[in-house]
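Protein chains in written order, with the numbering used here: chain L, 21 to 439; chain E, 21 to 439; chain A, 52 to 198; chain Y, 52 to 198. Worksheet for the structure shown next.
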Ligand SMILES: Cc1ncc(COP(=O)(O)O)c(C=O)c1O
Ligand SMILES: Cc1ncc(COP(=O)(O)O)c(C=O)c1O
């Protein structure tokens, strides 16, 4: 175990919370949202205390400071994901907005543009997608007359790529896939997919909500076109998300939200739009959120993304072994640790996930239950939901033990009552 | 002067900042973004320290707490603006997003819906609009074939309503107007406008960015259909905005952003959507922002919106008298204090606004210069920009004096150099 | 502080294990289908009325112990009641659920349903407890026995 | 700490009051129009080249003292220079502007333009100082005298 988890835990105030029956909290819901280190919390409050002012607008000192912080955060993120230029990084409110921005903008592209869609074209997703990387494409398909296709999921919750040649074909304009499933933890093997997408000339969009926080992601090395992720899952603030895109494509796309700071000139009946990234950032942005996100990137880099990844790999190996020993537990996701993250969805025979979550909560263990915004995947597996425990840099092997003990007690509680 | 400004100033940490030449900051840029009281800053950081968790999703204690805080903030805002139901309040990232949400959603309404637009219909705005309440409607007009019409501005920066019967006519489907101009400070006399809009059956959208922070606004008393405003201009956090809408209309409108938490069911090819407000809140929202905004509403109510309004009225009377005494100063906006806020745009003979702003900044006075995202209004007045000083609850009569002195010194600095 | 034992009372788990009126009657005055979108739990409910009277409530569905047991209790409780009586029961139960633990419910009115009072301390579970009840209310509106 | 006096040097205000080459020549090799969208300042610039040589730069526009004066200085500075020389000057000036006060500029290369070095401490004004310079660079690209 390479990370000093006890030390890291102290950086996160919430992790010392007491919960029900005065038990110390065990937070295993980082897949939904991560906790925040003091430095991130302070970066936000320091912004308000010392530098708060509208960026790009004021002609005064604190407006300059605010602009430096905001643009500094953009530069940190660009560097963090290996972007070629800071102009390729767009601040949104969430990964959900990032993907919707793209879907709306693509839907409004000039008819003869290389990125526009028409009937006969196809958009490719997968059964593993979070609703945020599914419904925007359903809607885009409906608006443009394009068809929606998808990769099925395998029994162990990975992408089934056997039909890749049929699913991604010459009609395919967009391939939008999750980088790591938020339900099964499966990491998508991008290289063959990207090769195929490139061969047919499709744009590739990667939902990196569950990858960027957990392992090194380099957009240039990957060779993708767009990447969407959320600040709040990577120890950053809520209300800030990111869209990275290849500059040439961003330049080709029309704006999404219209308003202040994204124009070059405006008359009563018309407007022309600023170069990227400004074109996509209408209005006063989440400046404190950007300040906090910059601090989050600093924090993750101070630990090291490789170290975080290795730590999670150890947790995964340990947890997989322990969980698969539990009788009556069915793991929804790969049983081996290769190409998967520390996300563990499971069902317990005879006990509904909601009841499992309740029993764990009673023991101070915070997990998530339900469909995890991946309803089609639940239907595929013939279930209504799972219990999901997700681990992050501040979780230890002992946390796995406590979870396993909690599951054990949950089973005993309900089976002793005849379930 | 009813407010204890010295006491209020102490609530806002940034206002004790020192700026250039170690001078105390005089912040006169609240029209761009307001400063934040400690209680708001702490509400955000306390959210992260103690309650951070994904709302509406987790089955555990802190998820319950987070949901309570988030929905509690919604209830506070609903009460603050006199909404009939909490379900009518939608969290967005900014007023800009609120208005775009509406414009996109209206553009996607079912063809036979009472809110849908078609060629021959008209949308009415004004020359006083901020780009955020202009360009989204330009785009909607282009997408639907509707035409855009506008009220001109009068010489003193108010709405020119003389042609009201021609501008709002039976073709008019939407009337979208600013409640208070961010350039001239003019407050829109809504009642005759709303009467006329109702008479022709048009939907009314009010841009309340500069009204809700400054005087009591009650959506039911006004009798409007939609209201958009931003948290960051009302002593709240950045990255959170609001859209209030009549429930029956919100129910009629299709969703805008698609993703998690806004569905009732999802298959690979289709989705059905949750009731309002959830339908319009896809993804993990700005939860800390909502916490901070709830605290902002509490703060404003603890001072009292009537008291704030009266305070600003005194400031306005005093400032108008002082500013209009200055030789070579042209006020862009009403010269009398009735129906206007404490927003003072002006030009100085022979000195460009940017140079004025720079000279004031050198004296520790933070103002804004430029077109203030109201470019058409600048063109109307034949100028490229103004210098704008905006006052809020934490500004005093002495602040007016210091501004006037700063203007005086600015004029002396440049005229002594031959300008 | 409620604990797990007091939340999952024997009565609740008994109804969960042996639900009453589960399995849809082949005929019905009104059929409804309700979903709890946050967890995916579903209930189908068939209501048979005669005039203003509830003749039977049968149901089927998937869900947690709370949602299944509370639908079971409900289906038994309202059988034979008049529509206004049933509505009073549903409203009383909704009030208990909204009470954050402060309202234990009137056993004369709610019968076995008072066993669910502890659920009101867990906001995320209230929707589970109400799933069948909201489905019945909807069915009664559709059957036009309430307004 | 720079003060107002050192920012608004006499030379800058002189150029502002009496700008050089202001008023567009009636002919041009290339005409461009640039805007600073954050303040609305505008410049029109006519470039005349002969082969690789800049024959004249005339301009018109509205803007603050910094943008007007720096365009005036520029128009004088590049007249008669070869395109590569002019580009070197523009790039050197851009570097001064990006230096946050640390680079005063080479007077041999930049002439009067070194008076603008103080602007680089005010990020919001850098775009003002560069408005005409970016317009000229654009015009040179369009005139195909630089790549
Ligand atoms: C009148 C008016 N409308 C709209 C806006 C846009 O608000 P935001 O940038 O917070 O979305 C502003 C402020 O910039 C404004 O003053
Ligand atoms: C894989 C995946 N995609 C998209 C999202 C949506 O992210 P957000 O809600 O922050 O927009 C999430 C998280 O909820 C996710 O896990």
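Glycine included, C-beta positions come from ideal geometry on N, C-alpha and C. The model shown is predicted, which means the values in this text are computed figures rather than measured ones.
Note to self: For the stretch 102-116 of chain L, list every residue whose C-beta sits within 9 Å of some C-beta in chain E, in sequence order.
What the structure shows: 112, 113, 114, 115 and 116
Checklist line | Within chain A, partners of residue 206/E - CB distance below 8 Å | finding: Position 186 of the second chain holds residue 206/E. By Cβ distance, chain A contributes nothing, its closest Cβ being about 45 Å from residue 206/E, past 8 Å.
Check: Cβ of residue 524/E versus every heavy atom of ligand 2: is any distance shorter than 7 Å?
Finding: No statement about residue 524/E is possible, as the shown extent of chain E runs from 21 to 439 and does not include it.
Next item on the list: Jot down the residue ranges of each uninterrupted beta strand (DSSP E) in the stretch 374-433 of chain E, minimum 3 residues, whole runs only, in chain order.
Entry: 388-390 and 406-410
Notebook entry, point to check: Rounded to a whole number of angstroms, what is the C-alpha to C-alpha distance between residue 86/A and residue 224/L?
Noted result: Numbered from its first residue, the third chain carries residue 86/A at position 35. Numbered from its first residue, the first chain carries residue 224/L at position 204. Residue 86/A and residue 224/L: Cα-Cα distance of roughly 34 Å.
Note to self: Distance cutoff 8 Å, beta carbons only. Does residue 192/A sit that close to anything in chain E?
What the structure shows: Working through the third chain from its first residue, we reach residue 192/A at position 141. When Cβ-Cβ separations below 8 Å define contact, residue 192/A makes no contact with chain E.
Margin query: Tell me the residue span of the beta strand (DSSP E) that contains residue 171/E.
Written below: Position 151 of the second chain, counted from the start, is the residue given in the question as residue 171/E. From DSSP, the beta strand (DSSP E) with residue 171/E extends over 167-171.
Checklist line | Span separating the alpha-carbon of residue 374/L from that of residue 74/E | finding: One-based indexing of the first chain puts residue 374/L at position 354. One-based indexing of the second chain puts residue 74/E at position 54. Spanning the two alpha carbons is a distance of roughly 16 Å.
Check: Just the Cα atoms here: how many angstroms apart are residue 198/E and residue 246/E?
Finding: Along the second chain, read from residue 1 onward, the residue named residue 198/E stands at position 178. Along the second chain, read from residue 1 onward, the residue named residue 246/E stands at position 226. For residue 198/E and residue 246/E, the distance between alpha carbons rounds to 12 Å.
Check: Which one of 121/E, 32/E, 255/E and 436/E has the shortest CA to CA distance from residue 277/L?
Finding: Sequence index remark: in the first chain, residue 277/L carries index 257 (1-based). 121/E is the residue among 121/E, 32/E, 255/E and 436/E whose C-alpha sits nearest the C-alpha of residue 277/L.
Notebook entry, point to check: Whole beta strand (DSSP E) runs in the stretch 217-284 of chain L with 3 or more residues, listed along the chain?
Noted result: 223-227, 246-250 and 261-265
Item checked: Rounded straight-line distance, which links the Cα of residue 380/E to that of residue 126/Y -> Walking along the fourth chain from the start, residue 126/Y turns up at place 75. Walking along the second chain from the start, residue 380/E turns up at place 360. When rounded, the distance between both Cα atoms is 30 Å.
Next item on the list: Go ahead and label residue 331/E buried or exposed: buried means 16 or more other beta carbons lie within 10 angstroms of its beta carbon, across all protein chains shown.
Entry: For the purposes of this step, residue 331/E is taken as residue 311 along the second chain, with counting starting at 1. With 16 or more other Cβ atoms within 10 Å, it is buried.
Notebook entry, point to check: Can you give the Cα-Cα distance for residue 93/L and residue 59/L, rounded to whole angstroms?
Noted result: Your numbering for residue 93/L matches position 73 in the first chain. Your numbering for residue 59/L matches position 39 in the first chain. C-alpha separation (whole angstroms): 14 Å.
Next item on the list: Write down every uninterrupted run of the beta strand (DSSP E) in the stretch 72-132 of chain L whose length is 3 residues or greater and which is fully enclosed by it, in chain order.
Entry: 109-112
Next item on the list: Below 8 Å on the Cβ atoms is my guess for residue 49/E versus residue 150/E; work out the distance and round it to an integer in Å.
Entry: Start at 1 with the first residue of the second chain, and residue 49/E comes out as number 29. Start at 1 with the first residue of the second chain, and residue 150/E comes out as number 130. Not confirmed; about 15 Å, so no contact.
Check: Cα-Cα, which of 402/L, 148/L and 270/L is closest to residue 201/L?
Finding: Within the first chain, the letter at position 181 stands for residue 201/L. Checking every option, the nearest Cα to that of residue 201/L belongs to 148/L.
Checklist line | Touch test, the stretch 113-124 of chain A against the stretch 178-189 of chain A, Cβ-Cβ under 8 Å, three pairs minimum | finding: yes
Next item on the list: May I ask which residues mark the beginning and end of the beta strand (DSSP E) holding residue 105/Y?
Entry: Taking the first residue of the fourth chain as 1, we reach residue 105/Y at position 54. Per DSSP, residue 105/Y belongs to the beta strand (DSSP E) from 104-113.
Checklist line | residue 362/E, enclosing beta strand (DSSP E) - first and last residue | finding: Within the second chain, the letter at position 342 stands for residue 362/E. No beta strand (DSSP E) contains residue 362/E, which DSSP labels as neither H nor E.
Next item on the list: Indicate, with yes or no, if ligand 4 has a heavy atom lying under 7 Å from the CB of residue 150/E.
Entry: This structure lacks ligand 4; its bound ligands are ligand 1 and ligand 2.
Check: What's the C-alpha gap between residue 31/E and residue 267/E?
Finding: Here residue 31/E refers to the residue found at position 11 of the second chain. Here residue 267/E refers to the residue found at position 247 of the second chain. Cα to Cα, residue 31/E sits roughly 36 Å from residue 267/E.
Note to self: Buried or exposed, going by whether 16 or more other CB atoms sit within 10 Å of the CB of residue 26/L?
What the structure shows: The residue labelled residue 26/L in the question sits at position 6 within the first chain. Residue 26/L is exposed by the Cβ-count criterion.
Next item on the list: With 8 Å as the threshold, decide whether the Cβ of residue 1/A is near any Cβ in chain E.
Entry: Examination of residue 1/A is not possible in this model, given that chain A is present from 52 through 198 alone.
Check: Is it buried or exposed for residue 186/L, if we count other Cβ within 10 angstroms and need 16 for buried?
Finding: For the purposes of this step, residue 186/L is taken as the residue at position 166 of the first chain. Result: exposed.
Next item on the list: With hydrogens ignored, establish whether the beta-carbon of residue 76/L is closer than 7 Å to any heavy atom of ligand 1.
Entry: On the first chain, residue 76/L is found 56 positions in, with the first residue counted as 1. Residue 76/L Cβ: outside cutoff for every heavy atom of ligand 1.
Item checked: Where residue 174/Y meets chain L, residues with beta-carbon distance less than 8 Å -> Counted from its first residue, the fourth chain places residue 174/Y at position 123. The contacting residues are 84, 87 and 88.
Check: To the nearest angstrom, how far is it from the Cα of residue 250/L to the Cα of residue 301/E?
Finding: Locating residue 250/L in the first chain gives position 230, where the first residue counts as 1. Locating residue 301/E in the second chain gives position 281, where the first residue counts as 1. Whole-angstrom Cα-Cα distance: 15 Å.
Next item on the list: Report the residue from 112/L, 238/L, 132/L and 24/L whose alpha carbon sits nearest the alpha carbon of residue 307/L.
Entry: By 1-based counting over the first chain, the position of residue 307/L is 287. Comparing Cα-Cα distances from residue 307/L to each of 112/L, 238/L, 132/L and 24/L, the minimum goes to 112/L.
Item checked: residue 83/A - partner residues in DSSP beta bridges -> Working through the third chain from its first residue, we reach residue 83/A at position 32. Answer by DSSP bridge pairing, in chain order: 96/A.
Checklist line | Helix, strand or coil at residue 144/E [DSSP, three-state] | finding: The sequence position of residue 144/E within the second chain is 124, counting from 1. Residue state, collapsed to three classes: strand.
Check: Just how far apart, CA to CA, sit residue 442/L and residue 309/L?
Finding: What is shown of chain L runs 21 to 439, which leaves residue 442/L out entirely.
Next item on the list: Quick one: grab the DSSP three-state call for residue 65/L.
Entry: Position 45 of the first chain, counting from 1, holds the residue named residue 65/L. Correct three-state label for residue 65/L: helix.
Next item on the list: Starting from residue 371/L, follow its DSSP beta bridges and name the residues at the other end.
Entry: Residue 371/L sits at position 351 when you count from the first residue of the first chain. 368/L, per the DSSP bridge assignment.
Check: Which stretch, first to last residue, makes up the beta strand (DSSP E) that contains residue 164/L?
Finding: Residue 164/L sits at position 144 when you count from the first residue of the first chain. Residue 164/L -> not in any beta strand (DSSP E); alpha helix (DSSP H) instead, spanning 155-164.
Margin query: Distance cutoff 8 Å, beta carbons only. Does residue 52/A sit that close to anything in chain L?
Written below: One-based indexing of the third chain puts residue 52/A at position 1. Annotation note: pLDDT 45 at residue 52/A (below 50); position unreliable, no value reported.
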